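K.L.:
Okay, here's the structure, questions in a sec.
There are 2 protein chains.
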Amino acid sequence: MNTAYAARTADELKAEYTLVKTHFDDLKAKALKLNMARGKPGKEQLDLVSDILTVLQTPEDCVVDGLDVRNYGELSGINAAKKLFAELLGCKPEECFIGGNASLTLMYDTIAKAHTHGLLHSEKPWCKEEKVKFLCPAPGYDRHFKITESFGVEMITIPMTPTGPDMDLVEDLVKDPTVKGMWCVPKYSNPDGIVYSDETIRRIAGLKAAAPDFLLMWDNAYCIHEFDGDFQPFDDILTLCREAGNPDMVFEFASTSKVTLPGAGVSVMATSVDNQKYMEKLLTIQTISYDKVNALRHVKYLKDKENTLALMKKHAAILKPKFQCVLDWLGKEIEPLEIASWQKPKGGYFVSVNTAPGLAKRTLALCKEAGVVMTGAGATFPYGKDPQDSNIRIAPSLPPVAELEAAMDVFCTCLKLAALEQKLA
Amino acid sequence: MNTAYAARTADELKAEYTLVKTHFDDLKAKALKLNMARGKPGKEQLDLVSDILTVLQTPEDCVVDGLDVRNYGELSGINAAKKLFAELLGCKPEECFIGGNASLTLMYDTIAKAHTHGLLHSEKPWCKEEKVKFLCPAPGYDRHFKITESFGVEMITIPMTPTGPDMDLVEDLVKDPTVKGMWCVPKYSNPDGIVYSDETIRRIAGLKAAAPDFLLMWDNAYCIHEFDGDFQPFDDILTLCREAGNPDMVFEFASTSKVTLPGAGVSVMATSVDNQKYMEKLLTIQTISYDKVNALRHVKYLKDKENTLALMKKHAAILKPKFQCVLDWLGKEIEPLEIASWQKPKGGYFVSVNTAPGLAKRTLALCKEAGVVMTGAGATFPYGKDPQDSNIRIAPSLPPVAELEAAMDVFCTCLKLAALEQKLA
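Protein chains in written order, with our numbering: chain A, 1 to 425; chain B, 1001 to 1425.
So, in structure tokens, the structure goes:
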């Protein structure tokens, strides 16, 4: 029997419950220990890039453009790394600031400095404002929301549509001068895998924000992270903002965490030259320079956009079967029951499942009982509170496919069980 | 003629002025371009550690204690790195948090978090306090003072003595609850090269501060950085603070910036386990993990304290002749004139010259004219203002000895010229 739960009789649902519960108990008895919680690359992906470990071997290897990267200095990073990121993002090298191993840190530091010192066009540090609000398209990235929450920012949830955030709502809300910014993951959004449409991006770049220091946090985490099909060009947000008369509104972030090594990559913050000058005055107090040796390793290893995209194809070959496994299980086991919906992303690191309201927490509790750890329910919403208790983020990159098969069996069984419990309650 | 300027007649001083001015003009004509501004290791030192570049070569090399350091995770760092730093500092591994390539960043982030979120024993974030004061032994490290200045902290200069900060003054000032902390470089202090005496350290550890969240910033930057003679053991400040009933008062910082590579080392923040737990809750919002691959490189390369100290002997063999050169010039050219005094450090990265009042700025302006760049006058004092206009920091580590000879000729000539100008004015 394979029809929507909503179309079934009470007796049919009870019979289904018995079947599903028996399968759940069988799975539980296996005492599995599986993890689909975070977007961590798998070992096979890490092994792809081993040559980066030895790309610098001698003192001579450590000199680039006459600069010895081993020593102190060059706060904004080496030019060769700026050039590489500019080619990947479509911006200019002089708009790139090269950070350490985590773009998250560059994002945190940007928000932190807005609070303690203010941004280029701030009238005062945000900590001196009575109220600071931030627009949070959701479901979104839990670590973004944690940053703004940590600084006491009031977060306003913006619904996601298949073309990006609900722009009518965004355009209306930015008329409020206490709305100081917005989080965005524009390409293969975390977690839905949605690519913002051209129209959405242009409307964002052209926002008429009342706050003079409105901060567009553009986390282009998956800028070259197609796992299905070819690289999709994506317009440079810095250019669009400049053309729309908002040259200093956007800070774009990216990294090689899911290109080379997650714990030892290189990050970039791209923003206008005026913003760079302003931020460097603050950043020079925090550090003398980020790790330029590792930046040079990346430049020598990745070389250019063409070579980097070729590497991404190898990642894609590893990732695609994992995503296919997730989508196959959902299509076969869940789709006919009409108890959840999801996007079918072609890039990024997640599949985001929206269950019928009220099922997410219970589904994940059952998963945990059966030995499968997933991202916590609610994590994809501001304050960790999903108003519909509906969104579940599946991160299939870490486990091998065989483990994923077992984990998805558990997940689908738990989702069915939660839906049946609700219907029979 | 080689007697104190103060003992000479006006005619003798005029004759000396003519001699010195002629020599100055000769030096200026050489159009030198020399730099003694920052404590940067020289190329010969960087070349000592080239093997660290290739110490990790394969995926298997990147696994330690069952952990793959290439992937995300382990916010506080790998245990092997904690063990290494604990052995070097004399604290416990669980008291160590392993950071990125800059201890300065860990220091900045500690002060930043005190302001935005408060410390473990803070009643509120420091940004909500009407007044925050910090004790600044001076001359001291300009980058320390820039951090507290950047957060609007009122800095109080504490005179340095040959045994460390003036502790009678410190003990008196900490009775003020708005005095929230103190900067210290306890071993081979920047710039004087003074080693705090046992009594000073014990008095610091036992401070009865009125502020419940008094923050002792213990920058042990030169903990193993003897360039003359053997490693000098130094008591662990965490233990002393704990024994004195101040277990959570101290945050100690160190790094391998002047052990391996200045731009690509590993840093550590050592503090009580309770402080670690508290800080990790804040740091987990800022980053997923620091670069554990580079931390493991350091562990495999440095191995243990014995091996690390053997490496420091090699650094010492390069540095000692440079410091000797500086001290020889000062001894021969300046000492008899009685226009300046200085310590004779056995470790650290600086020689700190205290001129007769009113000579520092003019001396450095003359040096610049003659092509020798030095740390800016006043930099070693809070707000960059040396009340006596007297302290000059010499950083001899970067230039080869031949260049140092030329630079010290310039420096001594300029100091004499400044003194003569003042006497003849």
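Don't be surprised by glycine CBs; every beta carbon is placed ideally from N, CA and C.
What you are looking at is a predicted structure, and each value in this text was computed from that prediction instead of being measured.
By the 7 Å beta-carbon criterion, what residues does the region 1105-1120 of chain B contribute toward chain A?
P.N.:
Those would be 1105, 1108, 1112, 1115, 1116, in chain order.
K.L.:
According to DSSP, residue 1127 (chain B) sits in a beta bridge with which residue or residues?
P.N.:
As a position in the second sequence, residue 1127 (chain B) is number 127, starting the count at 1. The partner list for residue 1127 (chain B) (beta bridge, DSSP) is empty, contrary to what the question assumes.
K.L.:
Run down chain A in chain order and give the residues with a C-beta less than 7 Å from the C-beta of residue 1393 (chain B).
P.N.:
Translated into the one-based positions of the second sequence, residue 1393 (chain B) becomes position 393. Simply none; closest approach about 16 Å.
K.L.:
Anything in chain B within Cβ reach of residue 420 (chain A), meaning under 9 Å, just list it in chain order.
P.N.:
Along the first sequence, one-based indexing puts residue 420 (chain A) at 420. Near residue 420 (chain A) there are no residues of chain B at all, since even the closest Cβ is about 36 Å away, more than 9 Å.
K.L.:
Need the endpoints of the alpha helix (DSSP H) that residue 241 (chain A) sits in, please.
P.N.:
The residue labelled residue 241 (chain A) in the question sits at position 241 within the first sequence. First-last of the alpha helix (DSSP H) with residue 241 (chain A): 237-243.
K.L.:
Answer yes or no: does any C-beta atom of chain A fall closer than 9 Å to that of residue 1133 (chain B)?
P.N.:
To locate residue 1133 (chain B), count along the second sequence from 1; it is residue 133. No - not a single Cβ of chain A is within 9 Å of the one on residue 1133 (chain B).
K.L.:
Is it buried or exposed for residue 178 (chain A), if we count other Cβ within 10 angstroms and need 16 for buried?
P.N.:
Counting from 1 along the first sequence, the entry for residue 178 (chain A) is found at position 178. Counting Cβ neighbours within 10 Å, residue 178 (chain A) comes out exposed, since fewer than 16 surround it.
K.L.:
If distances are taken between C-alpha atoms only, which option among B:1253, B:1334, B:1104 comes closest to residue 1356 (chain B)?
P.N.:
Counted from its first residue, the second sequence places residue 1356 (chain B) at position 356. If we check each option's Cα against that of residue 1356 (chain B), B:1334 comes out closest.
K.L.:
Taking the alpha-carbon of residue 274 (chain A) as reference, which of A:264, A:295, A:268, A:248 has the nearest alpha-carbon?
P.N.:
Reading the first sequence from its first residue, position 274 is the one you call residue 274 (chain A). Nearest of A:264, A:295, A:268, A:248 to residue 274 (chain A), Cα basis: A:248.
K.L.:
Just mark residue 307 (chain A) as buried or exposed, buried being the case when its beta carbon has 16 or more other beta carbons within 10 Å.
P.N.:
As a working mapping, residue 307 (chain A) is identified with position 307 in the first sequence. Residue environment for residue 307 (chain A): exposed (fewer than 16 other C-beta atoms within 10 angstroms of its C-beta).
K.L.:
For the structure I just gave you, are there three or more beta carbon pairs, one from the region 1107-1122 of chain B and one from the region 1072-1082 of chain B, closer than 8 Å?
P.N.:
no
K.L.:
What did DSSP end up calling residue 1089 (chain B) once you bin it into helix, strand or coil?
P.N.:
Taking the first residue of the second sequence as 1, we reach residue 1089 (chain B) at position 89. In this structure, residue 1089 (chain B) counts as helix in the three-state DSSP scheme.
K.L.:
With 16 as the cutoff for other CB atoms within 10 Å, does residue 40 (chain A) come out buried or exposed?
P.N.:
For the purposes of this step, residue 40 (chain A) is taken as residue 40 along the first sequence, with counting starting at 1. Label assigned to residue 40 (chain A): buried.
K.L.:
Kindly give me the distance between the Cβ atoms of residue 1158 (chain B) and residue 1136 (chain B), rounded to whole angstroms, as I take these residues to be in contact under 8 Å.
P.N.:
In the second sequence, residue 1158 (chain B) corresponds to position 158, counting from 1. In the second sequence, residue 1136 (chain B) corresponds to position 136, counting from 1. Confirmed, about 6 Å.
K.L.:
Taking 8 Å as the threshold, find out whether the region 1068-1077 of chain B comes into contact with the region 1143-1156 of chain B through three or more Cβ pairs.
P.N.:
no
K.L.:
Who are residue 1177 (chain B)'s beta bridge partners in DSSP?
P.N.:
Walking along the second sequence from the start, residue 1177 (chain B) turns up at place 177. According to DSSP, which records beta bridges pairwise, residue 1177 (chain B) is partnered with nothing at all.
K.L.:
Does the distance from the C-beta atom of residue 1102 (chain B) to that of residue 1095 (chain B) stay below 9 Å?
P.N.:
The sequence position of residue 1102 (chain B) within the second sequence is 102, counting from 1. The sequence position of residue 1095 (chain B) within the second sequence is 95, counting from 1. No, they are not a contact pair.
K.L.:
Applying the criterion that 16 or more other CB atoms from any shown protein chain within 10 Å of the CB defines a buried residue, is residue 1015 (chain B) buried or exposed?
P.N.:
The sequence position of residue 1015 (chain B) within the second sequence is 15, counting from 1. Counting Cβ neighbours within 10 Å, residue 1015 (chain B) comes out exposed, since fewer than 16 surround it.
K.L.:
Please give the ranges of any beta strand (DSSP E) in the region 1006-1089 of chain B, keeping only runs that are unbroken, at least 3 residues long and fully inside the region.
P.N.:
1034-1036
K.L.:
Reducing DSSP to helix, strand and coil, say where residue 1399 (chain B) ends up.
P.N.:
As a working mapping, residue 1399 (chain B) is identified with position 399 in the second sequence. Here residue 1399 (chain B) sits in coil by DSSP.
K.L.:
Among A:11, A:105, A:62, A:34, which one has its Cα closest to the Cα of residue 1282 (chain B)?
P.N.:
Reading the second sequence from its first residue, position 282 is the one you call residue 1282 (chain B). Among A:11, A:105, A:62, A:34, the Cα nearest to that of residue 1282 (chain B) is on A:105.
K.L.:
By alpha-carbon positions, which one of A:238, A:154, A:127, A:3 ends up nearest to residue 383 (chain A)?
P.N.:
Numbered from its first residue, the first sequence carries residue 383 (chain A) at position 383. Checked all of A:238, A:154, A:127, A:3; the closest Cα to residue 383 (chain A) is A:154.
K.L.:
Where does the unbroken beta strand (DSSP E) through residue 308 (chain A) begin, and where does it stop?
P.N.:
By 1-based counting over the first sequence, the position of residue 308 (chain A) is 308. Segment 305-329 is the alpha helix (DSSP H) holding residue 308 (chain A); no beta strand (DSSP E) there.
K.L.:
Please say whether residue 1400 (chain B) and residue 1171 (chain B) have beta carbons closer to each other than 9 Å?
P.N.:
In the second sequence, the residue the question calls residue 1171 (chain B) occupies position 171. In the second sequence, the residue the question calls residue 1400 (chain B) occupies position 400. Contact: no.
K.L.:
With 8 Å as the limit, tell me which residues of the region 1272-1293 of chain B have their beta carbon closer than that to any beta carbon of chain A; keep them in chain order.
P.N.:
1282, 1285, 1286, 1287, 1288, 1289, 1290, 1291, 1292, 1293
K.L.:
According to the neighbour-count rule (16 or more other Cβ atoms, all chains shown, within 10 Å of its Cβ), is residue 1057 (chain B) buried or exposed?
P.N.:
The residue given as residue 1057 (chain B) occupies position 57 in the second sequence. Answer is exposed; the Cβ neighbour count stays below 16.
K.L.:
Leaving aside the five residues before and after residue 1138 (chain B) along the sequence, list all residues of the same chain whose C-beta is less than 6 Å from its C-beta, in chain order.
P.N.:
To locate residue 1138 (chain B), count along the second sequence from 1; it is residue 138. Counting only Cβ-Cβ distances below 6 Å, and skipping sequence neighbours, we find 1157, 1381.
K.L.:
Do residue 397 (chain A) and residue 42 (chain A) have their C-beta atoms closer together than 9 Å?
P.N.:
Taking the first residue of the first sequence as 1, we reach residue 397 (chain A) at position 397. Taking the first residue of the first sequence as 1, we reach residue 42 (chain A) at position 42. It is a contact, given that the beta carbons lie within the stated cut-off.
K.L.:
Mind checking residue 2 (chain A): buried by the 16 CB within 10 Å criterion, or exposed?
P.N.:
If you number the first sequence from 1, residue 2 (chain A) lands on position 2. Residue 2 (chain A) should be labelled exposed.
K.L.:
Taking 8 Å as the threshold, find out whether the region 1311-1327 of chain B comes into contact with the region 1280-1300 of chain B through three or more Cβ pairs.
P.N.:
As far as the Cβ criterion goes, the region 1311-1327 of chain B does not touch the region 1280-1300 of chain B, which means the pair count is below three.
K.L.:
So, for residue 470 (chain A): in the same chain, excluding its five sequence neighbours on each side, which residues have a beta-carbon less than 6 Å away from its beta-carbon?
P.N.:
Only positions 1 to 425 of chain A appear in this structure, which leaves residue 470 (chain A) out of reach.
K.L.:
Counting only runs of 4+ residues fully inside the region 245-283 of chain A, write out the alpha helix (DSSP H) ranges in chain order.
P.N.:
none
K.L.:
Quick one: is residue 1057 (chain B) near chain A, going by C-beta distance under 9 Å?
P.N.:
For the purposes of this step, residue 1057 (chain B) is taken as the residue at position 57 of the second sequence. Yes, residue 1057 (chain B) lies at the interface with chain A (some Cβ there is under 9 Å from its Cβ).
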